[in-house]
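Accompanying notes for the structure given below.
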Amino acid sequence: MKLWLLLCLLPLSVFAQEFKVLTWNTFLIPPPWNMSKQNERAEIMKDLLPEMGHDVMFFQEAFYDRERNKLIKSLKKTHPHVAVPKKGKKLKHIQDSGLFVVSK
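If you count the sequence shown from 1, you need to add 1339 to reach the working numbering.
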């Protein structure tokens, strides 16, 4: 009986798949505080990230809108789903959270 039950349930089992997640503190600080080569770092990330093969990517400190948008654009083909929190009411038009997520 146990063997029969096992054989009935076996087709319902789920096989594990690999799920790759990346989290990256980008340190993309906007002018005039960006004294650490944000443009060059964003260019390297833009070229590197699409080839890394992660399913979901979480980014922190992506405050520099121009460079963040470059990253999002470079990932659009491989990671079409993007979530960027809206700017808060108190700091409206000044600064956002610096967070964003992309996924396949």
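The beta carbon of each residue, even a glycine, is placed where N, CA and C say it ideally should be.
Limits of the unbroken alpha helix (DSSP H) element including residue i
| i | result |
| --- | --- |
| Leu1387 | 1377–1387 |
| Leu1410 | 1404–1414 |
Residue i vs residue j beta-carbon contact at 8 Å
| i | j | result |
| --- | --- | --- |
| Ser1335 | Leu1438 | Only positions 1340 to 1443 of the chain appear in the structure, and residue 1335 is not among them; the question remains open. |
| Val1441 | Ile1411 | yes |
| Ile1368 | Phe1402 | yes |
| Val1435 | Pro1424 | Reading off the sequence, residue 1435 comes out as Asp, not Val. Yes. Within cutoff. |
Delimiting residues of the beta strand (DSSP E) encompassing residue i
| i | result |
| --- | --- |
| Met1396 | 1395–1401 |
| Val1423 | Val1423 -> no beta strand (DSSP E), and no H or E assigned at all. |
Backbone CA spacing between residue i and residue j [nearest angstrom]
| i | j | result |
| --- | --- | --- |
| Ile1383 | Glu1406 | 11 Å |
| Lys1409 | Ala1381 | 8 Å |
| Lys1443 | Glu1357 | 14 Å |
| Asp1386 | Thr1365 | 14 Å |
| Asp1404 | Lys1416 | 20 Å |
| Val1421 | Glu1400 | 16 Å |
Pairing CB atoms from the segment 1391–1403 with CB atoms from the segment 1356–1374, are three or more of them under 8 Å?
-> yes
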